[in-house]
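These protein sequence lines map, in sequence, to chains A and B.
Counted from 1, the first sequence has number 968 at position 167 by the working numbering; the numbering is strictly sequential.
Counted from 1, the second sequence has number 957 at position 156 by the working numbering; the numbering is strictly sequential.
Number of protein chains: 2
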Amino acid sequence: MTGWVKIVGLGPGAETLITPEAQDVISKATDVVGYIPYVRRITARAGLMLHESDNRVEIDRAQHALQMAQDGHRVAVVSSGDPGVFAMAAAVFEAMEDGPEIWRDLDVQVLPGITAMLAASARAGAPLGHDFCAINLSDNLKPWDLVEKRLRLAAEGDFAMAFYNPRSKARPEGFEKALSILLKACGPDRVILFARAVSTQQESINVTTLGSATPDMADMRTVVLVGSSLTRVIQRYGAAPLVYTPRSVPEGV
Amino acid sequence: MTGWVKIVGLGPGAETLITPEAQDVISKATDVVGYIPYVRRITARAGLMLHESDNRVEIDRAQHALQMAQDGHRVAVVSSGDPGVFAMAAAVFEAMEDGPEIWRDLDVQVLPGITAMLAASARAGAPLGHDFCAINLSDNLKPWDLVEKRLRLAAEGDFAMAFYNPRSKARPEGFEKALSILLKACGPDRVILFARAVSTQQESINVTTLGSATPDMADMRTVVLVGSSLTRVIQRYGAAPLVYTPRSVPEGV
């Protein structure tokens, strides 16, 4: 039997947002590895071993997956969203590069998924309808100064922005600092939206402005989107507002 | 009958990358509108009208969709990739905002899809595995100066980058200028990759460096990804190289 590792994106939560390609891989896998809540999204069946692991052990998990593939297992590494966006794909390649030479010859593939910011954007309208940046606000693995620098440059470039991991339990003060940098750079009227657990039963979307935003509007299940200077809100009767960033930028903006 | 508009992402090309949610909407639609090659991806059936239109008539198409929904039709507006990323969703909201008040009360929803940059990233490894920017290089709807400004700021922030519409037939010189700005800002060894028609039979992935990149490596079916300063290439025997951006940034980079 020839082993493989396929790094699979399960999308933001709803079953109907998982690609047929990802479902097919899961149906053929002998082993599923991933962070506990993602592995719990996989239906158990005979012949499939589910390996749950905790957060922040991504490299251990990646090594485990590669070792099992070397031993002939068909391993699905599962992430929520898209595995290439602040998720497991990079961790697997880090483990591969630092591991035994033979791991480079393994059949390792990444299968894309619907990432949180695009699920959130769709639900709210089209806030990322023009040039945008995606920034991981966690400073677990990078200096906080770099987060601040990227926020300032993104604002200077008038990009729309999407923030992953806005607010960790361990370091809630980071997001407060981020909001204050953005408020100064973009002004109080700039649109910001908090999209929590999109496509699940806990989904909520909160559209507001930087002047009214507070850090407690986000938790670790929230993706935060900030508009460009041109982002607009369409108010509706009896329905949530729609947020979109126009496709055009006039001269001189 | 109550009409609606659902703006649907068909993903990068493969049938297996279309979400079940999107397939369900298409199966319930009475009308499909979109750019010719995207509408041709929809299987004809009794009771479904296919309305193809040319490129650059996005607002006309959006108005047509909204008008049909007002008349009770169930309209799927189809884009390739994700409709919220340089595609039809923003156009529909522009038309809604400028149109009759009653259009705001229509049932209009966006359904996310696998966008080209994430399909390309998955195929190549995980080049967007850390903070990144998505920039539309076309200057049809924005001043070229703004494109240049965003390129310089993205490079200064050491973001990975994804470029849509790198090279139009009408203005091929834009991409040449973009490459030269990036070469100056990021140096000749920076990884760049050209991903064409990912997940279709015409798929090709070309991994190279800014020092070796030439404008003719891209066309309008190509998405171009540029790594950060930390992006790595894993060479393999008998298989394409893997490109990934590590999750960590050491202090002082």
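All C-beta atoms in this analysis are idealised placements derived from N, C-alpha and C, irrespective of residue type, glycine included.
Cut-off 6 Å between Cβ atoms - residues of its own chain near residue i, not counting five sequence neighbours on either side
i, result
"B/Leu-1043", "Gly-926, Ile-1035"
"B/Ile-837", "Glu-853"
"B/Ala-823", "Val-809, Leu-912"
"A/Asn-977", "Per the sequence shown, residue 977 of chain A should be read as Glu rather than Asn. Taken in chain order, the residues that qualify are Pro-1016."
"B/Ser-1030", "Asp-959"
"B/Thr-831", "His-874, Arg-875"
Contact set for residue i: own chain, Cβ-Cβ below 7 Å, skip 5 residues either direction
i, result
"A/Phe-933", "Phe-960, Ala-961, Met-962, Ala-963"
"B/Ala-921", "Ala-996, Val-999, Val-1024, Leu-1026"
"A/Asn-1007", "Leu-994, Phe-995, Met-1018"
"A/Tyr-839", "Leu-811, Val-879, Ser-880, Ser-881"
"A/Ile-819", "Leu-811, Gly-812"
"A/Phe-894", "none"
"A/Pro-989", "Thr-1010, Leu-1011, Gly-1012"
"A/Ala-845", "Leu-851"
"B/Trp-945", "Gly-975"
"A/Gly-1014", "In the sequence under discussion, the amino acid at residue 1014 of chain A is Ala, which differs from the Gly named in the question. Correct list, in chain order: Leu-980, Ile-993."
"B/Ala-1041", "Ile-1006"
"B/Ala-956", "Leu-983, Ala-986, Cys-987"
Cα-Cα separation between residue i and residue j, rounded to whole angstroms
i, j, result
"A/Lys-936", "B/Leu-947", "What sits at residue 936 of chain A in the sequence shown is Ile, not Lys. Between A/Ile-936 and B/Leu-947, the C-alpha separation is close to 21 Å."
"A/Val-833", "A/Gln-910", "14 Å"
"A/Leu-984", "A/Leu-1011", "6 Å"
"A/Met-889", "B/Ala-923", "11 Å"
"B/Met-850", "B/Gly-900", "24 Å"
"B/Ser-981", "B/Gly-1039", "32 Å"
"B/Asp-825", "A/Thr-916", "20 Å"
"A/Ala-971", "A/Met-1021", "11 Å"
"B/Glu-949", "B/Pro-928", "22 Å"
"A/Gly-1028", "A/Arg-991", "7 Å"
"A/Pro-821", "A/Gly-848", "21 Å"
"A/Gln-883", "B/Leu-919", "The sequence as given places Asp at residue 883 of chain A; Gln does not occur at that position. Cα to Cα, A/Asp-883 sits roughly 8 Å from B/Leu-919."
"B/Trp-805", "B/Gly-873", "7 Å"
"A/Gly-958", "A/Cys-987", "11 Å"
"A/Ser-828", "B/Gly-885", "30 Å"
"A/Phe-887", "B/Arg-862", "35 Å"
"A/Gln-1003", "B/Thr-817", "28 Å"
"B/Pro-973", "A/Gly-835", "44 Å"
"A/Asn-856", "B/Lys-807", "36 Å"
"A/Gly-1053", "B/Gly-914", "33 Å"
Residues near residue i in its chain [Cβ-Cβ closer than 8 Å; skip 5 each side]
i, result
"A/Arg-1048", "Gly-930, His-931"
"A/Thr-1001", "Pro-813, Gly-814, Ala-815"
"B/Pro-1051", "none"
"B/Ala-892", "Glu-859, Ile-860, Arg-862, Ala-863"
"A/Asn-966", "Phe-887, Asn-937, Leu-938, Ser-939, Met-1021"
Cβ-Cβ separation, residue j to residue i (assumed contact under 8 Å), whole Å
i, j, result
"B/Asp-908", "B/Thr-803", "7 Å"
"A/Arg-842", "A/Leu-811", "6 Å"
"B/Ser-969", "B/Ser-939", "6 Å"
"A/Leu-942", "A/Met-897", "Not quite, the Cβ-Cβ distance comes to about 18 Å (not below 8 Å), so this is no contact."
"B/Val-858", "B/Met-869", "Not really, about 16 Å apart at Cβ, beyond 8 Å."
"A/Gln-864", "A/Ile-903", "So it is not a contact: roughly 13 Å between Cβ atoms."
"A/Arg-1033", "A/Tyr-1045", "6 Å"
"A/Leu-954", "B/Leu-952", "Between B/Leu-952 and A/Leu-954 the Cβ distance is about 12 Å, and since that is not below 8 Å, they are no contact."
* Could you list the residues in the stretch 844-859 of chain A with a C-beta less than 9 Å from some C-beta on chain B, going in chain order? => Glu-859
* Asked: When you check each C-beta in the stretch 881-914 of chain B against every C-beta of chain A, which residues fall closer than 7 Å?
  -> Within the stretch 881-914 of chain B, those residues whose Cβ lies closer than 7 Å to any Cβ of chain A are, in chain order, Asp-883, Gly-885, Val-886, Ala-890, Ala-891, Ala-892, Phe-894, Glu-895, Met-897, Glu-898, Arg-905, Asp-906, Val-911, Leu-912, Pro-913.
* To do: Kindly provide the ranges of any beta strand (DSSP E) runs that are 3 or more residues long and lie completely inside the stretch 931-955 of chain B, ordered along the chain.
  => Restricted to the stretch 931-955 of chain B, the beta strand (DSSP E) segments that are unbroken, complete and at least 3 residues in length are 933-937, listed in chain order.
* When Cβ atoms are compared, which residues of the stretch 814-826 of chain A fall closer than 8 Å to chain B? -> Ala-815, Glu-816, Thr-817, Leu-818, Ile-819, Thr-820, Pro-821, Glu-822, Asp-825
* Asked: the stretch 942-957 of chain B: which residues have C-beta closer than 8 Å to a C-beta of chain A, in chain order?
  -> Leu-942, Lys-943, Pro-944, Leu-947, Lys-950, Arg-951, Leu-954, Ala-955, Glu-957
* Complete beta strand (DSSP E) runs within the stretch 861-944 of chain A (minimum length 3 residues, chain order) -> Correct list: 875-880, 908-912, 933-937.
* Contacting positions in the stretch 1017-1037 of chain A - beta carbon closer than 9 Å to chain B -> Residues passing the 9 Å Cβ filter: Arg-1033, Ile-1035, Gln-1036, Arg-1037.
* Return the residues of the stretch 1000-1015 of chain B that lie within a Cβ-Cβ distance of less than 8 Å from chain A, sorted by chain order. => none
* Asked: Listed from N- to C-terminal order along the chain, which residues in the stretch 857-878 of chain B have their beta-carbon within a distance smaller than 8 Å of any beta-carbon of chain A?
  -> Of all residues in the stretch 857-878 of chain B, the ones placed with a Cβ closer than 8 Å to any Cβ belonging to chain A are Glu-859, in chain order.
* At what residue ranges does the stretch 987-1031 of chain B contain a whole run of the beta strand (DSSP E), taking only runs of 3 or more? -> 992-997, 1005-1010, 1023-1027
* **Length at least 3, wholly inside the stretch 953-984 of chain A: the beta strand (DSSP E) runs in chain order** => 961-965
* **Interfacial residues, the stretch 977-999 of chain B to chain A, with Cβ spacing under 8 Å** => none
* To do: Could I get the ranges of all uninterrupted alpha helix (DSSP H) runs contained in the stretch 803-856 of chain B, with 4 residues as the minimum, in chain order?
  => 821-829, 837-840
* chain A contacts from the stretch 1038-1052 of chain B (Cβ-Cβ distance under 9 Å) -> Tyr-1038, Gly-1039, Ala-1040, Leu-1043, Val-1044, Tyr-1045, Thr-1046, Pro-1047, Arg-1048, Ser-1049, Val-1050, Pro-1051, Glu-1052
* Asked: When you check each C-beta in the stretch 924-936 of chain B against every C-beta of chain A, which residues fall closer than 9 Å?
  -> Arg-924, Ala-925, Gly-926, Ala-927, Pro-928, Leu-929, Gly-930, His-931, Asp-932, Phe-933, Cys-934, Ala-935, Ile-936
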